[in-house]
Amino acid sequence: MNETQEATETADTVPFRYTVRPLRASDLDRVVGLERELFGAGAWSYGMLAEELGGKGRWYIAATYRDLTSIGPEPLVGYAGLWFDGEVVQIMTVGVAPGHQGRGAGRMLIKALIEHARKVGATAVLLEVAVNNEAALHLYSEFGFEQVGLRKRYYQPENLDAYTMRLNLAE
Ligand SMILES: CC(C)(COP(=O)(O)OP(=O)(O)OC[C@H]1O[C@@H](n2cnc3c(N)ncnc32)[C@H](O)[C@@H]1OP(=O)(O)O)[C@@H](O)C(=O)NCCC(=O)NCCS
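Each residue of the sequence shown is one higher than the one before, starting from 75 at the first, in the numbering used here.
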């Protein structure tokens with residue numbers, strides 16, 4: 075898979091492109107850094123991420139950034155992953171580097187996960203999201219996810235409640 079999205083040039087931004095591709099073991103150092111930046115004390119370690127990447131039914135992807143005005147490296151600026159248990163897909167994680175948030179990378183990642191869920195024949199996509207995570211709640215509801223439950227103190231050590239959200243695919 076190799077999906078790209080181009081943004082239009084505006085007065086205050088250079089033209090750029092995000093590309094979604096499979097996550098590789100060589101990306102893990104960068105992902106660990108982003109995890110710490112995005113999730114603080116709740117961040118996954120290198121070992122946890124490596125285990126996830128090689129786990130049964132897991133599918134992890136990366137979003138890379140390209141500045142279209144120059145030839146240079148394409149840094150990883152986002153990542154996401156899912157677990158398919160043979161019936162439903164659980165979104166395990168999604169994150170976009172703070173400097174790249176609000177520019178469409180998160181939407182591309184979630185879209186790719188949902189497309190993969192359809193492809194493998196999942197009946198639904200489930201996820202947990204902190205009750206105060208406005209950006210993620212907006213993003214998921216745009217895709218049609220609905221709140222189906224509340225999990226008390228789901229996020230540790232922050233002690234934060236989470237909504238369980240569900241998107242039915244078998245309709
Ligand atoms: C949640 C997250 C992945 C979204 O990624 P993103 O690249 O910033 O999102 P996008 O630019 O693709 O925006 C898609 C939609 O998300 C919502 N959104 C994004 N940023 C938002 C913000 N600051 N406030 C409210 N809604 C926001 C909007 O619905 C937006 O749609 P719009 O452009 O039509 O308004 C990103 O903010 C992030 O990494 N947050 C920290 C980690 C995290 O909370 N992960 C989710 C765990 S469940």
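Glycine included, C-beta positions come from ideal geometry on N, C-alpha and C.
Measuring alpha carbon to alpha carbon, tell me which of the options ends up nearest residue i.
{"i": "Thr-112", "options": "Tyr-228, Ser-215, Gly-218, Ala-210", "result": "Position check: residue 112 holds Leu in this sequence, whereas Thr was assumed. Of the listed residues, the one whose Cα sits closest to Leu-112 is Ala-210."}
{"i": "Thr-248", "options": "Leu-234, Thr-143, Leu-108, Glu-232", "result": "The requested residue 248 does not occur in the structure, where the chain is confined to residues 75 to 245."}
{"i": "Thr-138", "options": "Met-122, Arg-98, Ala-117", "result": "Arg-98"}
{"i": "Val-105", "options": "Ala-124, Gly-146, Thr-87", "result": "Ala-124"}
{"i": "Glu-161", "options": "Lys-193, Glu-216, Leu-150, Gly-152", "result": "Lys-193"}
{"i": "Leu-102", "options": "Val-163, Gly-121, Ser-144", "result": "Gly-121"}
{"i": "Pro-172", "options": "Ala-115, Ala-196, Leu-150", "result": "Leu-150"}
{"i": "Val-222", "options": "His-190, Gln-175, Met-239, Pro-147", "result": "Met-239"}
Does DSSP classify residue i as helix, strand or coil?
{"i": "Ala-154", "result": "strand"}
{"i": "Phe-90", "result": "strand"}
{"i": "Val-162", "result": "coil"}
{"i": "Leu-142", "result": "coil"}
{"i": "Lys-130", "result": "coil"}
{"i": "Pro-147", "result": "coil"}
{"i": "Val-194", "result": "coil"}
{"i": "Arg-110", "result": "helix"}
{"i": "Ser-100", "result": "helix"}
{"i": "Arg-177", "result": "coil"}
{"i": "Ser-119", "result": "coil"}
{"i": "Val-124", "result": "The sequence as given places Ala at residue 124; Val does not occur at that position. Here Ala-124 sits in helix by DSSP."}
{"i": "Ala-186", "result": "helix"}
{"i": "Ala-210", "result": "helix"}
Can you tell me which residues form a DSSP beta bridge with residue i?
{"i": "Ala-137", "result": "Val-94, Gly-152"}
{"i": "Met-239", "result": "Leu-201, Gln-221"}
{"i": "Thr-167", "result": "Gly-155"}
{"i": "Tyr-229", "result": "Leu-234"}
Report all residues from its chain with a CB closer than 6 Å to the CB of residue i; omit the five preceding and five following residues, and keep chain order.
{"i": "Arg-227", "result": "Asn-233"}
{"i": "Tyr-259", "result": "With the chain represented from 75 up to 245, any question about residue 259 goes unanswered, as that position is not in the structure."}
{"i": "Trp-118", "result": "Glu-109"}
{"i": "Asn-242", "result": "Ala-198"}
{"i": "Gly-152", "result": "Ala-137, Val-170, Ala-179, Leu-183"}
Is any heavy atom in ligand 1 found nearer than 8 Å to the beta carbon of residue i?
{"i": "Met-122", "result": "no"}
{"i": "Arg-91", "result": "no"}
{"i": "Phe-158", "result": "no"}
{"i": "Arg-192", "result": "no"}
{"i": "Thr-167", "result": "yes"}
{"i": "Phe-219", "result": "no"}
{"i": "Leu-183", "result": "yes"}
{"i": "Arg-177", "result": "yes"}
{"i": "Leu-213", "result": "yes"}
Within its chain, find whatever has a CB closer than 8 Å to the CB of residue i; leave out the 5 residues flanking it on each side and keep chain order.
{"i": "Leu-213", "result": "Gly-180, Arg-181, Ile-184"}
{"i": "Ala-236", "result": "Glu-202, Val-203, Ala-204, Val-205, Leu-224, Arg-225, Tyr-228, Tyr-229"}
{"i": "Ala-196", "result": "Phe-158, Glu-161, Val-162, Val-163, Leu-243"}
Between which residues of its own chain and residue i is the CB-CB distance below 7 Å, once the five residues before and five after are set aside?
{"i": "Glu-83", "result": "Confidence is the limiting factor: at Glu-83 the pLDDT is only 48, short of 50, which leaves the residue's position unreliable, though a coordinate-based value still follows. Cβ within range, chain order: Pro-89."}
{"i": "Phe-217", "result": "Ile-184, Ile-188, Leu-241"}
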